[in-house]
Amino acid sequence: MPHDFRPLRDALVDYVYRCMGLQSPCETDFDLSPYQLLHASHYAHETERAPLALLTTPAPESTLDELPRWIRRQSSGDTRALLTQWAESDLDPADQFETWTHLFRRTVSAVPAECGESGVSLYHEFKLMSAIAHAALLNPNGLEDGFTLISGDFPGVQRIIYTITSDKAAKGVRGRSFFLQLLAECVVRRLLSDLGGLPITNALMVAGGNFVLLAPAWIDGVRAEERVAQTTARINHALLDWFSGDLVLATAAEPISHSTLLEGKAFGDAFGRLKTLEGQHKRQPLADVALTSEDGWQKVFDPHGHGGLHACAICQREPLTSWERQRADTEGRAWVCLTCQLFESLAEDLAKTPTPLLLIERAVDPDVLPDYSSALYAITGQACSVVGQIPGDKHGQSVVLQLNEIDFDPQQMDGFRLLAVHTPVVSEADRDWIAAHYKGELPEDRARWPEEGDIRDFEMLACARAIDHFRLTGKYVVPQLARLGVLRMDVDGLGTFFKDTLSDAPLTVRLAASDALSLFFDGYLGEICQQFEEQRGRLESLYLLYGGGDDLFIVGEWDQLPYLAQRIRDEFVAYAGSQFGISAGIVLIAEKFPFYRAADLADQALESAKRYELGETAGGRQKDAICFLDTVLPWKSGEPWEIVTTEHERLLDVAKTMERGAITGHIYRIYLRWRKDQPQGTAPKVYYGPYMWLAAYQMSRLANQYSKLRDEIRHFQEFLLQPDTIALSGVTARWAELERRTQDIGKQGEE
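What follows is the structure, encoded as structure tokens:
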């Protein structure tokens, strides 16, 4: 340790044990009281429970019955017994402080803080106390020198993740999003190291590629903001080499006095200035590279690449070196650039490792690392690999984190990392159907035939019903409707919540809210996907490409996504105590549709949902809606989404017994006539018109033709095609017809 933190770390561990009424494993005379005063603001909420609070009862042994099953399972256990067990181990707080940090997150995240702030756990109190004390001890004059608040983000993430074609997009997007999460992890650890060897507790918030750090004012006689700028410039030099300017790191630093941490409003103002400065740096990407080296301007503005006739099958990048051009000439359309190869390698490691661990290393030979880890090491000086077991030569500078299981062995691992993961894998039926589909001739854009355990690609997800038919009957059919679903979701009003609702809240409350979001989107989201597939009997149907911060991106069998979106929405609203809504956008695409356009369309659908507004008559409630089949529908019970869901399922049952498209086609034509009769330039209004005569005629004819279904047909005429529901008939009919065609496998011609 560059500074002797041993007395402080012993005192921090001792504090948690004393708060729990247990015998402490440490003996120390270190005085924590100056650092306790900085966060003991006793912030009072208007409601009994804090926004997104994890607490349900003050009892340390609480099983958190109000939270989802996964969170209950992860958080349950005899806290005192576990802490007693660890106290009797040989864990040294000075040398294994990160392990103690994860142990406390594991055990006391459901224990109320001693400071009395509503919604704040003992873990958050410990974390902030640790961050303040570690930073202050590095200052020449302690608390009097103040602190430096640091934020960071990666502008260009959308370009890196989504600007790829449909070829191998499944692996590409998962690998890209995971790589960027690991990149943020490595950048944070590099900054903490350069800022005096700060512990992980000084990373106050890390989510979705964004991070906030608390650092001292001075590092060895240098202002902390200068050290941050130097490290950022070095990282951006490396990012430019790897990503040709598509991805950069933007950081900002704001000096703050120790009194700023005492008062929530002052901290909120400082945080606002920090994010404004970060925004300015985002608008000047790579300025630090251009200004910090002799060839900076040329490096940033000179053209890149060698040209040629070929481009990467995934990202469409041209060869950047003569070596890449030679490979592209040899491999033709199947050529994949080095960057996309490392993304694929990362996605494969994540999908195929049964019990994945993250191995983070500082002192390492880059030649023995996986490609993606070698890239991380070249960019940040921190290597991060997905491994299946703890390496036998693990050294003191290595950190091993268990993925998505917080019940870890502190004698073997250093902690845990929550990551939204759910990946569908290839089955024997997938492999055999693909071979039959291409008549045994390997397509030019495939390097090899898929194998069991590979990541299921978009073509398999789009043709899943036909593959199931092949598995059950052994007969190959061409799907009547091969479509893929793309789902994007985002929490409503979260920025306003942190900016306004928590404007005068202390830092501990902000930490608690941020961690609660991470627990849901990084931890529970993958479990929701797994439970959903099992309950609906559609295993390997969903691909969780990204989840973190407050948003998510999922690709899968299209007819599953509307119900999944509702499941996620209901879970989140319950989790957040109905204080937040969450909006969704779903689009349907062909399996060969350019993926970057699909991502754009899903984002446009999400933005349409987030612009939804009920108006003054309904209290002015905004958002909390879904955009599906180009129609925005509010989620709330008794509102349009529930009506459309119920009626489409009823309509689907009727449509299956009729000639193809009979009733759904009639209803949709009546809807189009209603739309045509609307006055130009105005919103749809409830009024009587020709569509009602058309409905009476068409539905009566249909009832005479299908006399056994007369009551059902009359129901749709009397309910769905009336003035107050006609606006919902179009999306209802389209949904039912698309689902009928997707499921109608057995009636298709077999080859």
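Mapped onto my numbering, the consecutive letters of the sequence shown carry residue numbers 83 to 833.
Backbone N, C-alpha and C define an ideal beta-carbon position, used for all residues, glycine too.
Computed from a predicted structure; not experimentally measured.
In the DSSP annotation of this structure, the continuous segment of the alpha helix (DSSP H) that includes residue 314 starts and ends at 306 to 325.
At a Cβ-Cβ threshold of 8 Å, residue 544 and residue 565 count as neighbours. Three or more pairs of CB atoms, one per stretch, sit closer than 8 Å, so the segment 480 to 493 contacts the segment 441 to 457.
One thing to note: residue 282 has its Cβ no nearer than 8 Å to the Cβ of residue 258. Membership of residue 101 in the alpha helix (DSSP H) is indicated by the continuous run 88 to 101.
Around the CB of residue 540, 16 or more other CB atoms lie within 10 Å, so the residue is classed as buried. At a Cβ-Cβ threshold of 8 Å, residue 315 and residue 370 count as neighbours. As the crow flies, the alpha-carbon of residue 488 is around 17 Å from that of residue 204. In the structure shown, residue 710 adopts extended strand secondary structure according to DSSP, grouped into three states. Secondary structure of residue 443 (DSSP, three-state): strand. In the structure shown, residue 417 adopts coil according to DSSP, grouped into three states. Of the candidates 328, 320, 511, the residue whose Cα lies closest to the Cα of residue 378 is 320.
By the CB criterion at 8 Å, residue 209 and residue 593 fall inside the cutoff.
Per the coordinates, the alpha-carbon of residue 632 lies some 6 Å from the alpha-carbon of residue 572. Put simply, of 676, 610, 823, 323 the residue whose alpha carbon is nearest the alpha carbon of residue 383 is 323. Spatial neighbours of residue 431 in its own chain (CB-CB distance under 6 Å, excluding positions within 5 residues in sequence) are listed in chain order as 468. Taken in chain order, the complete alpha helix (DSSP H) segments of 4 or more residues contained in the segment 591 to 624 are 607 to 618. Residue 436 and residue 654 have their C-alpha atoms some 28 Å from each other. Taking residue 804 as reference, the option from 822, 819, 825, 781 with the minimal CA-CA separation is 781. Leaving aside the five residues that flank residue 639 on each side, the residues in its chain whose CB is nearer than 7 Å to its CB run, in chain order, 543, 546, 567, 620, 623. Note on residue 405: under 16 other CB atoms within 10 angstroms of its CB, so exposed under the neighbour-count rule.
DSSP links residue 230 through a beta bridge to 297, 337. When the alpha-carbon of residue 681 is set against those of 211, 497, 239, the nearest one is in 239. The continuous stretches of alpha helix (DSSP H) do not include residue 365, and DSSP gives it neither H nor E. For residue 570, the beta-bridge partners assigned by DSSP are 635, 667. Secondary structure of residue 507 (DSSP, three-state): strand. If you draw a straight line from the Cα of residue 234 to the Cα of residue 372, it is about 19 Å long. Beta-bridge partners assigned by DSSP to residue 825: none are found.
Cα atoms of residue 818 and residue 685: separation of roughly 24 Å, rounded to the nearest angstrom. With contacts defined by Cβ atoms closer than 8 Å, residue 603 and residue 657 do not form a contacting pair. In this structure the segment 190 to 197 does not lie against the segment 108 to 116, because fewer than three pairs of beta carbons, one per stretch, are closer than 8 Å. When DSSP states are grouped into helix, strand and coil, residue 751 belongs to the helix group. Here residue 650 carries a helix assignment [DSSP, helix/strand/coil]. Within the model, the alpha-carbon separation for residue 107 versus residue 169 is close to 5 Å. Per DSSP, residue 236 lies in no beta strand (DSSP E) segment and is marked neither H nor E. With a threshold of 16 other beta carbon atoms within 10 Å, residue 739 falls short and is exposed.
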